[in-house]
Structure formats: C-alpha cells, structure tokens
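First residue of the sequence shown: 1, per our numbering; consecutive thereafter.
Read the structure below first, then the notes.
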Amino acid sequence: MDYPCITFQQRPEQDTIRFCLFEAPVKDILEWSSVPRLSHDKKDGVQRQKSDFRVKGIAKFLSQEARNTIPTALVIAFSKDSYNLKIDPAGQQLIVLNADKKDEVFVIDGQHRLYGIHAFNPNARAPVVGILDASNDEKAFQFIVINNKAAKVAPDHIRALTFAYSNHELEPRLRTAKLSLSKNVLFVQIANEAEDSPFKGQVSLPSVEDGQRWVNASAIESSIAYIHAKKIAGLDDDETVASFFLAIWKAIKETWPDLFAAESRLLTKVGMITMTRYIVDAIDLMAGLLEDIDLSNEEDVILSTKRVLKMQTPDFWKSDWTVAVSDSKVVRDTIFEALRRVQQNIKQGANWFDDVPLILVPSQG
C-alpha cells in the first residue's frame, strides 16, 4: 500500500528526526500498524489499555452529526526498514507500507481515534504524522510528551466562540463532542439525551415533561464527582467516567426495572448518590482482586454491577423506613450501612431485613 506524502525535518540541524505527512483509510492503518501496550510482560509498549468507552464515544460522535469530523492527526512511529519512500512517474513522493512489517509500526497517539473512526466507518480516512526511523526511546518520549503537554481549550475561549457564532447550531454540536459551557450541565445532558442512557428523557430538567422528571439532576453530578474522586484505573477523563456511571445504572435498571418510576426512593438524590457509592466501591474492589474485570469496558461494568445486585433486593427501596428521605450525610451513611447489612444477610441466607435499623416495615415484594 502506498500513499502520497510530504517528508520534512522540523529542526534545521542535520541528523534530527524526520516526519512524514499523509492520509489513509483507517482500515489500511489497522492493517500495517500495531498498538503495543505497556504491561508487566511487554516492556517495549507505550500505549495504555484500550478504553471501550472512548472508542464507542468517538464512533457515536461521528454518527450523531453529518458535519462532525476529527481533524487531529494520528501520530505513528515507523522503525527503520518498516517503510520505503519512492517517487512515482508524476514526481509525487510516496510512502510504501506493508502489513508484514506492522510489528515495527507503532501508534504513539490516537489509538482511540483510530478504533473509534474504524467502528464508525472502516473506509473513513485519517491524517497521519509519521515519525520516521524511531527508536524505542523516541517512541516512549513522544508518547509521554504528547500525553502530558496537551492543553485543553479554556472554558472562556469556548464561551467566546459560542458568542461569536450561531449558538443554536454550535451548542448542540458541542454536546455531541461531550463539550459544554458548563461541566455540570454536560453530565446531566448526556444522562438525559444519550440514546443508551437509562435516564433518557427522565431527568428533572425544564425540557422534560412534568410527569417524567423522576431523576434528580444534582444526584448525577454528585455521583460522577464521587467516581472522579475514586481515581479508578482506566477512567481518566470526563467521557469515560460518565460512561462508567451510565453503565452502572443501566445494569441497575435492567435488574430492577420497577424502581425506575415516579416517587421511587432509589431515584431520589440521596438514593442515587448512596447506591452509586455502594456499587462503585464494590466493583472497584472486585476489579482489584480479579484480573478478568476491566472497569473501562462497558460489558465488564454491567456484569460486575449485576453480580453485586444479587446480594441486594429491590424490596429495600420499597419498604417503610425509620428516617425521612433527605440528602444529608447522616441519612447517606445510614442507607450505606443498611445496604452493607442487607448484603451480609442475603449472603448468610437470613431475612434481608434482619438487624437493619433503617427498615420500619419490610416490603415483601
């Protein structure tokens, strides 16, 4: 496979790194490149583990709006002898690549863009910045610099762009990229608008019908803040944290659909915050003990959450309680300790409500 390209040196000195600029279909790129990941048994890898949430997020971004594109180039390192440069009859320089050499061609930056664009359309094209004749040290250096020096656009700059251009067109497009003028509004909007959200069209927002506003918006913000504070491996940006949160609640809704209704204690602010904390703590502990659980993978999060729910019962949320439902630290801690006690009771084969002070009159289903 060959592609028209431009080669250059950024620095004028001799014997410095050469770059090669070109574009190619993402299906081609996956054929002649590899994404070596740094792990305990692969010391020459540079990439972190692939995040299922990020890949799906990029594919969704591209599919949501026909004008959405990703102009940011993939950074790919080419070892010596992994490529050839030639001139075609028209005088155009070409880079020639072969799938047999893919183990010597490493994706340094943009693995999730690559997989996400491919999931959207394998024939879609992506720009590439190639680092030619790169050593392992050069690959590692570029990975560290690129991933630690990248600067996010300041909120004030985004706000200025919004004022300068058509807000009614720009704001919806920003939301498809999971951007917004308000970080708090971002998460609530995703929960209420995403097609795969368990809370779609049910969040307490002015745009939602009165009879459908079952889910407390601030509970979503507080729950995601708790997940951020946990610093769970693989959940290193807003998008993956939001997707992780939605995966947990998707599992809860699939297991306890009857609790997703008006006046449900589970969907109150204190209910959602406490249940999120309980599930997150439990599956984070499970992932730390079991190698086959990856909390950056949606399926693993859903299955792990459902395992935790086997030690709980929806009757807990339907029963009469000894305390009024209110969002205070005392009530949150009381509910959390009650959930732990219910777990112990079910595991031991006792009545789920035994020695649970919170329960006044237990529901029997």
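A virtual CB, placed ideally from N, CA and C, is assigned to each residue, including glycine.
Looking at residue i: is its Cβ nearer than 7 Å to the Cβ of residue j?
i       : j       : result
Lys-318 : Ser-363 : yes
Arg-113 : Glu-23  : no
Ala-77  : Ile-17  : no
Ser-222 : Arg-213 : no
Ala-247 : Ile-220 : no
Gly-116 : Ala-59  : yes
Leu-360 : Asp-327 : no
Gly-211 : Ser-296 : no
Ala-251 : Ile-293 : no
Ile-224 : Phe-187 : yes
Asp-2   : Leu-94  : yes
Considering only residues of the same chain and omitting the five flanking positions on each side of residue i, which have a CB-CB separation below 7 Å?
i       : result
Lys-230 : Val-280, Asp-284
His-118 : Val-26, Lys-27, Leu-30
Val-308 : Ile-279, Ala-282, Ile-283
Pro-357 : Thr-322
Gly-201 : Asn-192, Val-208, Gln-212
Met-286 : Ile-293, Ser-304
Asp-88  : Leu-94
Give the single residue among the options whose Cα lies nearest to the Cα of residue i.
i       : options                            : result
Val-382 : Glu-221, Pro-198, Asn-123, Pro-357 : This structure leaves residue 382 out entirely; the chain is present only between 1 and 365.
Val-75  : Ser-33, Trp-321, Asp-100           : Ser-33
His-228 : Thr-240, Ala-217, Ser-218          : Thr-240
Lys-329 : Arg-277, Phe-353, Asn-98           : Arg-277
Gly-207 : Tyr-3, Asp-237, Ala-225, Glu-193   : It should be noted that the sequence gives Ser, not Gly, for residue 207. Selected option, being the one with the closest Cα: Glu-193.
Val-129 : Glu-263, Thr-7, Lys-253            : Thr-7
Glu-195 : Asp-236, Gly-211, Asp-238, Ser-243 : Ser-243
Ser-304 : Asp-238, Ile-87, Trp-249           : Trp-249
Asn-84  : Lys-306, Pro-314, Lys-50, Cys-20   : Cys-20
Ser-197 : Asn-121, Lys-253, Gln-142          : Lys-253
Leu-267 : Glu-291, Glu-337, Arg-54, Pro-314  : Pro-314
Cys-5   : Lys-86, Trp-256, Val-215           : Lys-86
Val-270 : Lys-80, Thr-334, Val-342, Gln-9    : Thr-334
Trp-256 : Ser-79, Tyr-226, Lys-306, Glu-337  : Lys-306
If you draw a straight line from the alpha carbon of residue i to that of residue j, how long is it in whole angstroms?
i       : j       : result
Asp-52  : Gln-64  : 18 Å
Val-96  : Asn-68  : 30 Å
Phe-106 : Ile-70  : 20 Å
Val-35  : Lys-102 : 10 Å
Val-325 : Glu-104 : 60 Å
Ile-273 : Ala-350 : 27 Å
Gly-288 : Val-331 : 29 Å
Phe-353 : Arg-340 : 11 Å
Asn-136 : Ser-82  : 14 Å
Asn-98  : Asp-238 : 37 Å
Glu-337 : Phe-245 : 21 Å
Gln-9   : Ala-217 : 52 Å
Ala-262 : Tyr-226 : 25 Å
Within its chain, find whatever has a CB closer than 8 Å to the CB of residue i; leave out the 5 residues flanking it on each side and keep chain order.
i       : result
Lys-347 : Met-311
Ile-409 : Given that the chain is displayed from residue 1 to residue 365, the structure contains no residue 409 and the question cannot be resolved.
Ser-264 : Trp-214, Gly-271, Trp-317
Glu-138 : Ile-17, Ala-77, Ile-131
Phe-382 : Residue 382 is absent from the structure shown; the chain starts at 1 and stops at 365.
Val-342 : Met-311, Gln-312, Thr-313, Phe-316, Trp-352, Phe-353, Val-356
Gln-411 : With the chain running from 1 to 365 in the structure shown, residue 411 is simply not present.
In this structure, how does DSSP classify residue i when only helix, strand and coil are distinguished?
i       : result
Asp-238 : helix
Tyr-165 : Reliability fails at Tyr-165, whose pLDDT of 47 lies under 50, so the model's placement of it is uncertain and the value that follows must be treated cautiously. DSSP places Tyr-165 in coil when its eight states are reduced to three.
Trp-321 : strand
Lys-50  : coil
Asn-68  : coil
Leu-85  : strand
Ala-90  : coil
Phe-8   : strand
Gly-130 : strand
Using a Cβ-Cβ cut-off of 6 Å (strictly less than) and excluding sequence neighbours within five positions of residue i, which residues of its own chain qualify?
i       : result
Ala-134 : Ala-77
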